[in-house]
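Participant: Right, I'll just put the structure down here and ask away after.
There are 2 protein chains.
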Amino acid sequence: MMKMVLPLFFIVVSCGSSVERPLSDPKIGIQRPSKRVVLKGLKRPWSAAFLAANEVLIAEKDGDLLYVNLSTKERTTIKGFPDDLADSLLVNVTEHPLGTFPRGADGKKLKYNAGIFDVVLHPDFENNHKLYISYVSRKGENSTTKVVQAVLEKKTLTQLKPIFIADPYTIGLFHYGGGMTFGADGKLYITIGERLFTEANQPPMPIAQDLRDKRGKIYRLNDDGSIPTDNPNFGDEAVPGLYAIGIRAAQGITMHPKTGEIWFSEHGTRQGDEINKLEAGANYGWPIKTSGGYRGAGYTPPKLEDRSFTAPKWYWLQTVAPTGLTFYTGNDFPLWKDNLIIPGLSRGSLWRVVLENDTIMSLEELFVHDRVRARKVVQSPDGKLYLLTDEEDGKMILIENNVD
Amino acid sequence: MMKMVLPLFFIVVSCGSSVERPLSDPKIGIQRPSKRVVLKGLKRPWSAAFLAANEVLIAEKDGDLLYVNLSTKERTTIKGFPDDLADSLLVNVTEHPLGTFPRGADGKKLKYNAGIFDVVLHPDFENNHKLYISYVSRKGENSTTKVVQAVLEKKTLTQLKPIFIADPYTIGLFHYGGGMTFGADGKLYITIGERLFTEANQPPMPIAQDLRDKRGKIYRLNDDGSIPTDNPNFGDEAVPGLYAIGIRAAQGITMHPKTGEIWFSEHGTRQGDEINKLEAGANYGWPIKTSGGYRGAGYTPPKLEDRSFTAPKWYWLQTVAPTGLTFYTGNDFPLWKDNLIIPGLSRGSLWRVVLENDTIMSLEELFVHDRVRARKVVQSPDGKLYLLTDEEDGKMILIENNVD
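For the protein sequence lines, the chains are Z and G, in the order given. Numbered according to numbering that gives the first Met the number 0, the first sequence spans residues 0 to 403. Numbered according to numbering that gives the first Met the number 0, the second sequence spans residues 0 to 403.
Put into structure tokens, the structure is as follows:
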């Protein structure tokens with residue numbers, strides 16, 4: 000249908016793709032997400048932080064912190080990574096004190112789920128070159144989640160400063176958490192998992208509900224690791240820096256660039272994977288409340304009836320294993336603006352979540368025909384959406400609008 | 000961003016909503032589906048067939064075939080419905096020979112899942128006023144699915160002619176099927192369910208695989224009920240009119256208005272709900288192959304290794320109970336053009352499926368915050384999308400683009 004529109008200065012291409020099209024093109028507004036591999040051979044990449052449109056730091060869970068130039072393809076290992084990093088290594092699980100782990104293929108050994116998790120730039124990185132890394136720190140047979148601040152200088156981490164350690168070091172091999180984001184308030188938010196594989200190992204006061212235990216919690220810290228004066232008050236017994244409790248295993252946490260709201264994903268046990276909105280002082284309920292089931296028959300949590308729990312904004316009825324989510328504000332998919340994009344490990348698809356304020360209106364599962372263990376989505380400074388895959392030959396994939 | 004575009008005749012609003020907007024409006028292209036109830040008090044409506052933009056026949060599963068004028072709100076029962084219609088009535092299931100049915104609230108009685116199913120207009124209805132109804136026909140304690148052709152004259156069904164009966168009449172109370180659509184070839188396609196509740200009642204040759212049994216099949220007939228000469232050949236033993244076999248419980252079946260492809264939905268037992276593309280001679284596998292589980296432990300189907308099964312194009316991992324699907328070609332949601340819209344009873348949401356040829360690219364679950372048992376979606380001649388809800392106070396709901 001042709002329209003004559005006057006005056007000329009009202010003519011705005013406000014809905015098209017990033018490709019120049021005459022306004023008569025019937026494909027304006029159509030979006031056809033497709034994948035283009037831009038990097039391969041990454042060792043189970045977990046996170047990425049863009050220094051510029053084509054320069055990115057990539058944290059490999061089973062490898063190193065890398066600097067990559069997407070134009071030249073230069074790939075350099077960042078020097079100076081903390082030496083207490085626990086590499087993935089084989090552990091003989093038949094002798095493990097917590098013994099109820101899944102067995103590896105030989106019936107005995109399991110690849111330790113350790114390594115580097117997140118890398119996040121300080122909001123003022125441009126000037127101070129500060130960044131934050133989360134990883135598994137090892138002491139003998141024990142380990143825990145640790146966050147270190149560093150100054151990036153000539154592709155080397157300098158001035159290393161521990162910001163947070165989820166001590167004590169323990170024997171558990173799972174659910175370290177390690178997701179991080181800065182908030183609109185300039186504070187650093189960190190997720191720490193409860194470190195159990197099965198509820199059979201829960202103490203009488205479950206870990207994620209125990210205010211004296213650092214595991215199973217979300218923290219809010221000043222950028223130097225000190226405790227903000229306006230954190231929620233969990234009482235005198237509580238470990239410092241607490242922002243929310245009742246967390247089983249959360250890895251993805253992200254801030255809405257406009258509203259400042261923080262949203263996070265969480266892994267349930269049997270189903271029960273969730274999308275949550277972060278609120279000060281909230282108790283997300285694990286393991287008292289879960290939207291899924293428990294692993295292993297017969298676990299009955301204590302009721303803790305005096306506690307008030309915060310329900311997820313969404314939970315899936317099938318296992319998705321949602322991780323490194325992000326809000327989308329790019330230009331390739333104008334219709335996705337402000338949607339929450341969530342990668343899933345288990346089924347290997349990407350989820351696009353439409354929100355109106357706090358309410359989830361719809362969810363679209365993308366790439367159902369082209370699945371890959373999806374670990375993290377991150378938006379570059381020039382608004383492009385990238386996906387990291389959790390594979391031994393891991394990839395960084397550009398999600399582009401291939402409308403032709 | 001302002002652009003001067005010349006010459007003027009290239010300026011086309013090709014991506015907007017149906018509301019007039021200046022091209023500078025940033026909401027062009029945004030779609031915000033919302034619900035507007037246009038009718039209430041329908042008795043578990045199952046299907047609708049539009050006579051004109053604002054005139055519609057509605058088949059109530061637990062009521063009547065109605066004529067409704069959406070402008071004047073006139074609601075008239077169509078006279079002359081066949082008198083062998085089995086109303087929903089209470090059956091004492093503790094005495095039922097197939098005894099393994101779910102119990103009603105009193106532990107004994109169950110509301111018989113009978114009534115009127117589909118109403119479909121002949122492709123040349125404008126001239127011949129022919130339509131087709133599917134419903135549960137009753138003979139004493141036995142019933143089956145029946146399709147009758149009628150001529151609509153002054154809000155009365157006349158010249159009733161049985162087109163198809165899934166005889167023999169049997170005791171089973173479930174899974175009648177009854178979905179119907181005309182194809183691009185002018186033939187009538189009908190789904191008939193297998194009529195079992197649990198696999199414990201399967202004979203050694205399962206019903207849906209038994210070529211001599213009319214249940215659990217999809218049929219292709221001439222508009223007078225005779226058998227087309229170009230139907231697939233299932234052999235001499237096969238019941239007449241067979242087009243596909245291996246169907247458990249399919250209610251939604253629809254034709255793509257451009258390609259002529261026919262797609263149908265199907266209910267699995269434990270999960271295993273599917274989207275299938277209809278192909279001549281196909282065996283959709285039930286109960287030999289299922290994407291879900293079986294009801295009741297211990298059922299082992301025969302292998303039937305000489306048979307070749309057709310996999311679904313999609314199956315859900317959670318129960319959705321998908322039913323009366325349709326392809327969308329309206330104008331309120333230009334970005335949904337040619338998408339498959341599928342209502343779900345069980346979780347009460349609407350699914351929007353993006354296809355490229357036969358491949359499902361993505362699925363969006365809509366109205367997750369506003370669930371209602373969704374039975375059928377149907378598009379009016381003026382391109383509006385309506386939803387029928389499976390409730391005792393059932394509704395017809397307009398799905399509109401409420402971008403403001």
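Beta carbons are placed, not taken as given, at the ideal position from N, Cα and C, and that holds for glycine.
Please classify Ala-248/Z as buried or exposed, where buried requires at least 16 neighbouring CB atoms within 10 angstroms.
Facilitator: buried
Participant: Would Leu-284/G and Gly-234/G be called neighbours here (beta carbons separated by less than 8 Å)?
Facilitator: Per the sequence presented here, residue 284/G reads as Gly, with Leu not at that position. Result no, Cβ atoms of Gly-284/G and Gly-234/G do not sit closer than 8 Å.
Participant: To the nearest angstrom, report how far apart Asn-127/G and Ser-379/G are at their CA atoms.
Facilitator: 20 Å
Participant: Just mark Glu-73/Z as buried or exposed, buried being the case when its beta carbon has 16 or more other beta carbons within 10 Å.
Facilitator: exposed
Participant: Between which two residues does the alpha helix (DSSP H) holding Glu-125/G run?
Facilitator: Judged by DSSP secondary structure, Glu-125/G falls within the alpha helix (DSSP H) whose first and last residues are 124-127.
Participant: Can you list, in chain order, the residues of the segment 356-368 of chain Z whose Cβ is nearer than 8 Å to any Cβ on chain G?
Facilitator: Thr-358, Ile-359, Met-360, Ser-361, Leu-362, Glu-363, Glu-364, Leu-365, Phe-366, Val-367, His-368
Participant: Just verifying my parser: in three-state terms, what is the DSSP assignment at Ile-29/Z?
Facilitator: coil
Participant: Under 8 Å between the Cβ atoms of Gly-347/Z and Val-377/Z?
Facilitator: No, the Cβ-Cβ distance between Gly-347/Z and Val-377/Z is not below 8 Å.
Participant: Grouping DSSP H, G and I as helix and E and B as strand, with all else coil, what is Phe-9/Z?
Facilitator: Annotation note: pLDDT 30 at Phe-9/Z (below 50); position unreliable, coordinate value reported separately. DSSP places Phe-9/Z in helix when its eight states are reduced to three.
Participant: Would you mind giving the Cβ-Cβ distance between Ser-290/G and Pro-311/G, rounded to the nearest angstrom? I have them listed as a contact below 8 Å.
Facilitator: 6 Å
Participant: At least one CB of chain G closer than 8 Å to the CB of Leu-316/Z: is that the case?
Facilitator: yes
Participant: Apart from the five residues just before and just after Ser-307/G, which ones in its own chain have a Cβ nearer than 8 Å to its Cβ?
Facilitator: Asn-282, listed in sequence order.
Participant: If contacts are defined as beta-carbon pairs under 8 Å, then Lys-78/Z and Thr-155/Z qualify, I think. What distance do you get, rounded to the angstrom?
Facilitator: 4 Å
Participant: Please determine if the segment 390-400 of chain G and the segment 42-58 of chain G are in contact, where contact requires at least 3 C-beta pairs separated by less than 8 Å.
Facilitator: Touching, yes, given that three or more Cβ pairs across the two stretches are closer than 8 Å.
Participant: Using CA coordinates, which residue listed in Ser-225/Z, Asp-166/Z, Tyr-131/Z is at the minimum distance from Gln-148/Z?
Facilitator: Checking every option, the nearest Cα to that of Gln-148/Z belongs to Tyr-131/Z.
Participant: Less than 8 Å between the beta carbons of Thr-75/Z and Leu-65/Z, yes or no?
Facilitator: yes
Participant: Got a sec: is the Cβ-Cβ distance from Leu-89/G to anything in chain Z below 8 Å?
Facilitator: With a pLDDT of only 49 at Leu-89/G, under the threshold of 50, the placement of this residue in the model should not be trusted; the figure read from the coordinates follows. False, the Cβ-Cβ gap to chain Z never drops below 8 Å.
Participant: Just to confirm, are Leu-349/G and Leu-324/G a CB contact at a threshold of 8 Å?
Facilitator: no
Participant: Should Gly-62/Z and Ser-133/Z be called a contact, given that it needs their Cβ atoms to be closer than 8 Å?
Facilitator: no
Participant: Hey, does Leu-387/G have any beta-carbon neighbour from chain Z nearer than 8 Å?
Facilitator: no
Participant: Return the residue from the list Phe-116/G, Val-36/G, Ala-237/G, Ala-243/G that minimises the CA-CA distance to Gly-280/G.
Facilitator: Considering only Phe-116/G, Val-36/G, Ala-237/G, Ala-243/G, the residue with the shortest C-alpha distance to Gly-280/G is Ala-243/G.
Participant: For Leu-334/G and chain Z, any beta-carbon pair shorter than 8 Å?
Facilitator: Output row for Leu-334/G: interface = yes.
Participant: Look up Ser-142/G in the DSSP assignment and give the residues it is bridged to.
Facilitator: Ser-142/G pairs with Arg-137/G, Thr-169/G.
Participant: In this structure, does DSSP put Asp-24/Z in helix, strand or coil?
Facilitator: Reliability fails at Asp-24/Z, whose pLDDT of 47 lies under 50, so the model's placement of it is uncertain and no value is given.
Participant: How would you list, in chain order, the residues of chain Z whose beta-carbon sits under 7 Å from the beta-carbon of Ile-396/G?
Facilitator: Going along chain Z, no residue has its Cβ under 7 Å from Ile-396/G, so there is no contact; the nearest lies around 16 Å.
Participant: When you compare the CB of Ile-29/Z with every CB in chain G, is at least one pair closer than 8 Å?
Facilitator: yes
Participant: Residue range of the beta strand (DSSP E) that Phe-196/G falls in?
Facilitator: Per DSSP, Phe-196/G belongs to no beta strand (DSSP E) and is neither H nor E.
Participant: Can you name the residues that DSSP bridges to Thr-358/Z?
Facilitator: Glu-355/Z
Participant: Quick check: the Cα distance between Thr-180/Z and Arg-351/Z, rounded to an integer number of angstroms?
Facilitator: 20 Å
Participant: Could you have a look at Pro-333/Z and say whether DSSP puts it in helix, strand or coil?
Facilitator: helix
Participant: Report yes if the C-beta of Val-352/Z is less than 7 Å from at least one heavy atom of the ligand GDP; otherwise report no.
Facilitator: Among the ligands in the structure shown, none appear at all, so the ligand GDP cannot be discussed.
Participant: Can you tell me which of Glu-364/G, Ile-359/G, Thr-157/G puts its alpha carbon nearest to the alpha carbon of Ser-361/Z?
Facilitator: Nearest C-alpha to Ser-361/Z: Glu-364/G.
Participant: Check the C-beta distance from Ala-58/G over to Val-150/G and give it rounded, since I have them as a contact under 8 Å.
Facilitator: The pair is not a contact, with the Cβ atoms about 17 Å apart (cut-off 8 Å).
Participant: Could you tell me the distance, in whole angstroms, from the CA atom of Leu-421/G to the CA atom of Leu-84/Z?
Facilitator: The requested residue 421/G is not part of the displayed model; chain G covers only 0 to 403.
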